[in-house]
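Chemist: Quick note, the sequence shown lines up with residues 1 to 312 if you use our numbering. A virtual CB, placed ideally from N, CA and C, is assigned to each residue, including glycine. Since the model is a prediction, treat every value here as computed from it, not as a measurement. Below is the structure I would like to discuss, written out as structure tokens.
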Amino acid sequence: MKTSGDGKGAEVFCVEYLRDFLAVADTLSYTEAARRLYSSQATVSRRVAALERELGVPLFNRTTREVQLSEAGAVAVKYFRQMDDCYKSALEAIDAIRFARSPLRLSCPDYWLGSYIEPLVLFAGQQAFDSGIQLESNSPQRGIELVGSGECDLAFGAAVPTNVDRRIAMRPFAHEQVVAIIWKGSELACRDAVTPEVLKEVPLVLLGNKERDYERMNSALLAPFVAAGCVPEEITYVGQVETLAMALLERRGFTLAPQSVGRLHRDYLVVVPFAEPEPQLPLCLYYRADNLSERVVKFMELAEHFADSRRL
1 MKTSGDGKGA EVFCVEYLRD FLAVADTLSY TEAARRLYSS QATVSRRVAA LERELGVPLF
61 NRTTREVQLS EAGAVAVKYF RQMDDCYKSA LEAIDAIRFA RSPLRLSCPD YWLGSYIEPL
121 VLFAGQQAFD SGIQLESNSP QRGIELVGSG ECDLAFGAAV PTNVDRRIAM RPFAHEQVVA
181 IIWKGSELAC RDAVTPEVLK EVPLVLLGNK ERDYERMNSA LLAPFVAAGC VPEEITYVGQ
241 VETLAMALLE RRGFTLAPQS VGRLHRDYLV VVPFAEPEPQ LPLCLYYRAD NLSERVVKFM
301 ELAEHFADSR RL
């Protein structure tokens, strides 16, 4: 079914039009509806207008001050909601068939695989998670891109990446203590704990690239230093975690990392915790908010249970 018009640039009617209309009907606000839908006000307005052209009646009475359902709009809400519910039920039934044949696809940076994700996957299996899990190693930003394109169901990461697709939602499920990884020759490597103050004059090495994949994570890692007014005077960025250890050796410096990935397995590096209060970094799972399946929800719930079990 197409919208009415002369055929030039005619839009194909789809279920998204119903959802945009229902969101405006629920909120009586195009701005709030767009926010809930991770869309733009212009897109919501265009789709509602196309729906009105198709039906031949206005669905809302609009003034400069308010938006109210028209008589036809009040009738349409009931039946369009039923249509949307039927569509969702059909998707769930089809997904059940498709998911029975395909694993849940989880993207994760390789430096988290052995220390966190593989134990999480084993935990999910012990909890009778009834879908296989396919792990993919990608950078944080690439993992989110794959979730946005539908090539992955979930992406694992720390804090919030810089460039997030508006359809992508984030679910924090745990916090990891941040530790300092220090060159063994430093006198700080012998301490039981360190503080931002004592690290201020030590060269700091962080992950970073031109795509700015790690910008938000680095901001979270540096937050305690900023709060204490002790941001390190020398900061160097390297593009890959594989080159991080050598950069620490060359610069006789330190880096910051979540405790679960804190050990780079080099005999010239030492892991030193922070004194109280220990800085923490949120761990998150990213998913498509407009295509949330039951098994994705179940896995995210299991991730929270797994995080709780690690704290016991």
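Please work out which residues of its chain come closer than 8 Å, Cβ to Cβ, to glycine 208, disregarding the five sequence neighbours upstream and downstream, and give them in chain order.
Modeler: Here residue 208 corresponds to residue number 208 of the sequence shown, with the count starting at 1. Excluding sequence neighbours, glycine 208 sits near Tyr214, Glu215, Asn218, Tyr237, Val238, Gly239.
Chemist: Taking only runs that begin and end inside the region 234 to 303, name each unbroken alpha helix (DSSP H) of 4 or more residues, in chain order.
Modeler: Fully enclosed alpha helix (DSSP H) runs of 4 or longer: 244 to 251.
Chemist: Compare the C-beta of glutamate 54 against all C-beta atoms of chain D and say whether one is closer than 8 Å.
Modeler: No chain D appears in this structure, which consists of one protein chain only.
Chemist: Do arginine 19 and arginine 167 come within 8 Å of each other at the CB atom, strictly closer than that value?
Modeler: In the sequence shown, the residue the question calls residue 167 occupies position 167. In the sequence shown, the residue the question calls residue 19 occupies position 19. Taking 8 Å as the Cβ cut-off, arginine 167 and arginine 19 do not qualify as a contacting pair.
Chemist: Taking C-alpha atoms, which residue in Val231, Arg266, Ser293 lies nearest to alanine 247?
Modeler: As a working note, residue 247 is residue 247 in the sequence shown. Nearest C-alpha to alanine 247: Arg266.
Chemist: Enumerate in chain order the residues of its own chain whose CB-to-CB distance from alanine 23 is below 6 Å, with the five nearest sequence positions on each side excluded.
Modeler: What you label residue 23 is simply residue 23 of the sequence shown in a count that begins at 1. For alanine 23, where only same-chain residues beyond five positions count, the Cβ hits under 6 Å are Ala33, Arg36, Leu37.
Chemist: Looking only at its chain, what residues have a beta carbon closer than 6 Å to the beta carbon of lysine 298, apart from the 5 residues adjacent to it on each side?
Modeler: What you label residue 298 is simply residue 298 of the sequence shown in a count that begins at 1. Around lysine 298: no qualifying Cβ.
Chemist: Indicate whether the contact test is met: 3 or more Cβ pairs, each with one atom in the region 99 to 114 and one in the region 149 to 156, closer than 8 Å.
Modeler: Touching, per the Cβ criterion.
Chemist: For the region 76 to 142, list the beta strand (DSSP E) runs that are entirely contained and at least 3 residues long, ordered along the chain.
Modeler: For the region 76 to 142, whole beta strand (DSSP E) runs of length 3 or above, ordered along the chain, are 104 to 108, 133 to 137.
Chemist: Going by DSSP in three states, lysine 2 sits in which element: helix, strand or coil?
Modeler: Looking up residue 2 in the sequence shown gives position 2. Bear in mind that the predicted position of lysine 2 carries a pLDDT of just 45, short of 50, making it unreliable; the figure below should be weighed with that in mind. Correct three-state label for lysine 2: strand.
Chemist: Here's a check: name, in chain order, each residue in its chain whose Cβ is nearer than 6 Å to the Cβ of glutamine 41, leaving out the five neighbours to either side.
Modeler: Here residue 41 refers to the residue found at position 41 of the sequence shown. Cβ neighbours of glutamine 41 beyond the five flanking positions: Tyr30, Thr31, Ala34.
Chemist: When we look at the beta-carbon of isoleucine 181 and count the other beta-carbons within 10 Å, is it buried (16 or more) or exposed?
Modeler: Counting from one through the sequence shown, the residue named residue 181 turns up at place 181. By the 10 Å Cβ count, isoleucine 181 comes out buried.
Chemist: By how many angstroms is the C-alpha of aspartate 85 removed from the C-alpha of leucine 113?
Modeler: For the purposes of this step, residue 113 is taken as the residue at position 113 of the sequence shown. For the purposes of this step, residue 85 is taken as the residue at position 85 of the sequence shown. C-alpha separation (whole angstroms): 38 Å.
Chemist: Just tell me which of Leu28, Leu249, Cys284 has its CA closest to the CA of proline 258.
Modeler: Walking along the sequence shown from the start, residue 258 turns up at place 258. Answer by Cα proximity: Cys284.
Chemist: What's the call for threonine 243, buried or exposed, on a 16-neighbour Cβ count within 10 Å?
Modeler: The sequence position of residue 243 within the sequence shown is 243, counting from 1. Its Cβ having fewer than 16 others within 10 Å, threonine 243 is exposed.
Chemist: Please name the residue in Glu52, Gly253, Tyr268 whose C-alpha comes closest to that of proline 203.
Modeler: Here residue 203 corresponds to residue number 203 of the sequence shown, with the count starting at 1. Taking only the C-alpha atoms, the option nearest proline 203 is Gly253.
Chemist: Would glycine 150 be called buried (16 or more neighbouring beta carbons within 10 Å of its own) or exposed?
Modeler: To locate residue 150, count along the sequence shown from 1; it is residue 150. Exposed is the call here.
Chemist: Beta strand (DSSP E) containing aspartate 61: first to last residue?
Modeler: Within the sequence shown, residue 61 is the residue found at index 61, counting from 1. Per the sequence shown, residue 61 should be read as asparagine rather than aspartate. Taken as a continuous stretch (DSSP letters only), the beta strand (DSSP E) holding asparagine 61 covers 60 to 62.
Chemist: Tell me the rounded alpha-carbon separation between threonine 43 and alanine 124.
Modeler: Counted from its first residue, the sequence shown places residue 43 at position 43. Counted from its first residue, the sequence shown places residue 124 at position 124. Distance between the alpha carbons of threonine 43 and alanine 124 is about 39 Å.
Chemist: Could you check where the alpha helix (DSSP H) with glutamate 66 kicks off and where it finishes?
Modeler: Locating residue 66 in the sequence shown gives position 66, where the first residue counts as 1. Segment: none, glutamate 66 is in no alpha helix (DSSP H) and carries neither H nor E.
Chemist: In whole angstroms, what is the alpha-carbon distance linking alanine 76 and leucine 59?
Modeler: As a first step, residue 76 must be located in the sequence shown, where it is residue number 76. As a first step, residue 59 must be located in the sequence shown, where it is residue number 59. Cα-Cα distance, rounded: 8 Å.
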